[in-house]
Structures are given as structure tokens and as C-alpha cells.
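Numbering (this note's numbering), first residue to last: 418 to 866.
The structure appears below as C-alpha cells.
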Amino acid sequence: MTQPIDTAHLWMPFTANRQFKQKPRMLVAASGMHYTSDDGRQILDGTAGLWCVNAGHCHPKITEAIRRQAGEMDFAPMFQMGHPAAFESATALAAIAPEGLNRVFFCNDGSEGVDTALKIAIAWQRMRGDTLRTRLIGRERAYHGVGFGGIAVGGIAGNRKHFGPTLASVDHLRHPLDIGRNAFSRGLPDHGAEIADEFEQRLLALHDPATVAALIVEPVQGSTGVILPPKGYLQKLRAICDKHGILLIFDEVITGFGRLGAPFAADYFGVVPDMIVCAKGLTNAAVPMGAVIVRQDIHDDFMRASAEGAIEFYHGYTYSGHPLAAAAMVATMGVYRDEQVFERAAAMAPYFEDAAHSLRGLPWVKDVRNLGLICGIELEPVPGKPTARAFDAFLKCFWDKGVLIRTTGDIIALSPPLIIDRAQVDQLFGAIADVLKAQSAAPQTMEST
Ligand code: PMP
């Protein structure tokens, strides 16, 4: 470390400060596939920051667009007025969204996007006279951000337990991870589509379907360890929602913008939801921004009801459609298109898959799961010390190998920028292989969290 840093005041997000203080990991610059650490090392970014820098860091066209907008107009209210960049960015997003999803509501991140989508769902059902439809269904192990709506439909008990009651009418569908039947699947798992049937058989039997407003799912559950939908699973969920008048929301905060090689997971799977929540790659993460892309007719229903004086959708944020975010977003969409970033991800996916599965057979590797440029490597936990192995691998990759990975529990998660090349794929998986081999040779050196 070059300068001692004062850690007395910043309350770090999702971090027990001691975890950081023991070994402060400071990033001071970024470019393309790399971060620079404060001790001058180049760190290969195996996680696109937090699954978000899809076109690589500090892309000059995005940086320039932000700079230009910042010099022109810093902020403009969007309530009862507007500014061109916000409309331009909504048009750019609708242009790549699945057919029928044409209206864009802007917010500032994924958490706000989730809460916005849940509110739209309940208000829309109510507006149509379905006043009983207030129940929301999520899934176990889902991550939908940290708003009260998001933690309620999310399936992580630890994210809820200290905050008292959240939303009253929520239930959760079982997640489809089944290592027993699907270990080391390449791409989509063969087994488990029938888990979708539990939505109808159990949850809708328990709760009258006429009380359910929406089901929200991440097409690929990312931050809780890369849980892939078995073949046919999402199609089944769509059919059940259709049958019972339930809205289907895809949380594509991670899967949006090329992570699977298509603009959205909805395109990849050929399953069109009623709303898509996105953020992260929306601006290549250069400025915070989230969005909900909504079926045109849902929006039109609100406008009609508003004209009739029946309902106004009173919702929005000071920074909805913020000029800097909007400018960054338009530039980002241009980069994705002109540099064929999604196509590059699709082309690299088979090589990435082979590299990921080369870890099979290494010490403690219990499962490898991959799709597009996303991968989860699940390790056997240390008895009495779950998470220790993966966290130790994270530290060793960062310090010894100059590679940034992410861990969640006993799972290493990878989601590099979509511009990664073959040599960098080799470096990423080679570093993890080296670290696991070294760890198993000297388990006594393992650091715990
Ligand atoms: N949904 C999903 C699927 C996510 O992965 C995340 C963040 N990782 C969020 C929502 C929340 O996004 P944010 O942190 O931008 O609020």
C-alpha cells in the first residue's frame, strides 16, 4: 500500500470492515480488462466489477459522452418536464428489448428497479379490478437487491432477518439447483424443469391464484452462486403465469446486456416476460442507472386509467433519467452495437466453458456451472468453516495472481467483461487452478473470514 488509509468513517457495503482492514485491497484505476491496485499491480477483472462493466473499463466513448453531458447540463427534473437524453436513452433501450416491451421507467439501480416493477405489477392488477392480487412470489436463494420489496421477494433469509416484517404477502418457489443430478453440466442442466410445476401444484394451491400479482425470477440466479434454469423450466413458469393471469418479471440486472451472448436472457431463452428489470450493464456501470422495461399495453392501461381519472402511478426518483446516466447509456448502447460486444461474448462462450470445466477433478471442486460468460465453481465446504475455502481463494487470486474473482459462500463466481480474450480466459482459470492446488497442498495456511 502506498498511503495508509483512514478506515474510521466509511461503513462499507456488504462488508464487515474487519475483512477489509486486515488486508486493504484498494483499486485506483481501471482500463479495459484490468484494474490497477494502489501498489501498481495490474489485476485482471474476472468479475466485470460487480457483473456490470460489460464493455470493459473506462471505454473512451462512454467516458467522453459523460464528460460532454456534464459540461452541458448537470441535472434536469423529469417530473412534468424532460430533457432529450432521457428520451433518447429510452428509445435506445426499447430498440434492443424483446418485442412488446417498449416502455421504459428509469431509476438508479437494480434495487430500485425491482421495487418499481413490483409496484407496477400490483398497481396494474388493482387498476384492472383485481384488488385481491397483491401477493408476490419470488424464489429461494434469489437476490433482488436490498429495498424492502427486494429483500421480501428475495430468497436470502440473512438479508431479511434484522429488519422486521417486510411485505406481508410473499412466498417463495424452490430454486432449481440440483447438484446431485446436474453436477458439471455444460450450459443448461438437463434435470429439474419439473421444479417449475411446484409453482402451480404447491404455491398456487396454497394461495388462491387470484391473489397473486406477479412472479419475479432471475433467469440465471447470479449472486447467490450461479443457479441455472434447467432446460424448459422458464418456459413452464411463463405458461403457468399466463394460465393464472400472473405477471412474470425477469430480473435481468446481471443477465442483461450480453452476459449470455444475447441482449437479454429473455432473448436467449425465447421466453418473454411482462417486465424486465435491468441496471449494471445498462451504462456499462459508468454512472448508476436502472430501468424497468414494461409491456407497452401495461403502460397504455395506466395512461387510459389516468385519463379517466381512475389512477395515477405516483412513483419516480429525483434522478430518474439523470442526464449523465442517460448520456452514458446512449453511448454504451452504441458501443455494444458498434463493437459487437454481445456477439463477442457468444463467440467466446464455448472457449470459456471448456476452460471452466478444466477445473473438474481439482481438489474440492464439487460442481462447475456455466452459461454464456458466467460461471460458478462450487467447492466442498470446510466442516465448521463454510465459505473459508472460496474466500481464501479470492484473497490468493487477488494478491498472488493478480486476478479478481468473486465468492459467495463456497462458490467462486466469474463474470468477466464481455471483451475478454482467450489468453485472459486462460489466465483467469489458470490462476484459480493454481490457487486450489496450492491450498490443498498446504491446507494449514488457509485464512478464514
Ligand atoms: N437484482 C439482481 C439480480 C442483482 O444481481 C442485483 C445486484 N447484484 C440487484 C438486483 C440489485 O442491484 P443494485 O445493487 O444495483 O441495487
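Heads up, the beta-carbon is just placed ideally off N, CA and C, and yes, glycines get one too.
Straight-line CA distance for residue i to residue j?
i, j, result
"R577", "H451", "35 Å"
"L812", "P780", "18 Å"
"G597", "A613", "18 Å"
"F846", "L835", "16 Å"
"G517", "D714", "8 Å"
"M863", "L549", "Any reading at M863 must be qualified, since the residue scores a pLDDT of 47, below 50, and its modelled position is unreliable; no value is offered."
"A446", "N701", "16 Å"
"D838", "G649", "31 Å"
"G639", "C814", "20 Å"
"T804", "A610", "29 Å"
"A858", "H589", "41 Å"
"L632", "M692", "11 Å"
"G530", "F681", "16 Å"
"N599", "D456", "42 Å"
"L623", "D659", "18 Å"
"V747", "C469", "16 Å"
"L776", "L788", "16 Å"
"Q542", "V629", "9 Å"
"A472", "K478", "11 Å"
Give a yes or no on whether the C-beta atoms belonging to residue i and residue j are separated by under 8 Å.
i, j, result
"V820", "I460", "yes"
"G642", "T825", "yes"
"A534", "A743", "no"
"H608", "R556", "no"
"H716", "R520", "yes"
"A538", "I710", "no"
"C792", "F808", "no"
"C524", "G698", "no"
"G566", "V670", "no"
"D462", "P833", "yes"
"V842", "F601", "no"
"D668", "P515", "no"
"L645", "L677", "no"
"I483", "A703", "yes"
Taking the continuous beta strand (DSSP E) assigned at residue i, which residues delimit it?
i, result
"H451", "H451 to S454"
"V521", "L518 to C524"
"D668", "L664 to D668"
"T825", "R823 to T825"
In terms of DSSP beta bridges, what is residue i paired with?
i, result
"N787", "C792"
"S528", "S528 pairs with nothing; no bridge assigned."
"V629", "R552"
"S448", "H451"
"A830", "G793 and R823"
"A708", "F523 and C695"
Considering just the uninterrupted stretch of the alpha helix (DSSP H) at residue i, what are its terminal residues?
i, result
"G847", "R839 to A858"
"F692", "Sequence check: residue 692 is Met here, not Phe. Per DSSP, M692 belongs to no alpha helix (DSSP H); it is in the beta strand (DSSP E), M692 to C695."
"G869", "This structure does not reach residue 869, given that the chain is present from 418 up to 866, and the question cannot be answered."
"H589", "Note, H589: premise wrong, no alpha helix (DSSP H); beta strand (DSSP E) at V587 to L590."
"S506", "P501 to I513"
"D688", "Residue identity differs from the one stated: residue 688 is Val in this sequence, not Asp. Element bounds for V688: n/a, residue is neither H nor E."
"M721", "Looking at the sequence provided, one finds Arg at residue 721 rather than Met. It spans Q713 to A724 - the alpha helix (DSSP H) in which R721 sits, taken as one unbroken run."
"L654", "Y650 to H661"
"G571", "Taken as a continuous stretch (DSSP letters only), G571 belongs to no alpha helix (DSSP H), as it is neither H nor E."
"T749", "P740 to D755"
"N434", "N434 to K438"
Counting only C-beta atoms, is residue i closer than 8 Å to chain B at any point?
i, result
"I633", "Absence of chain B from the displayed structure is noted, only one protein chain being present."
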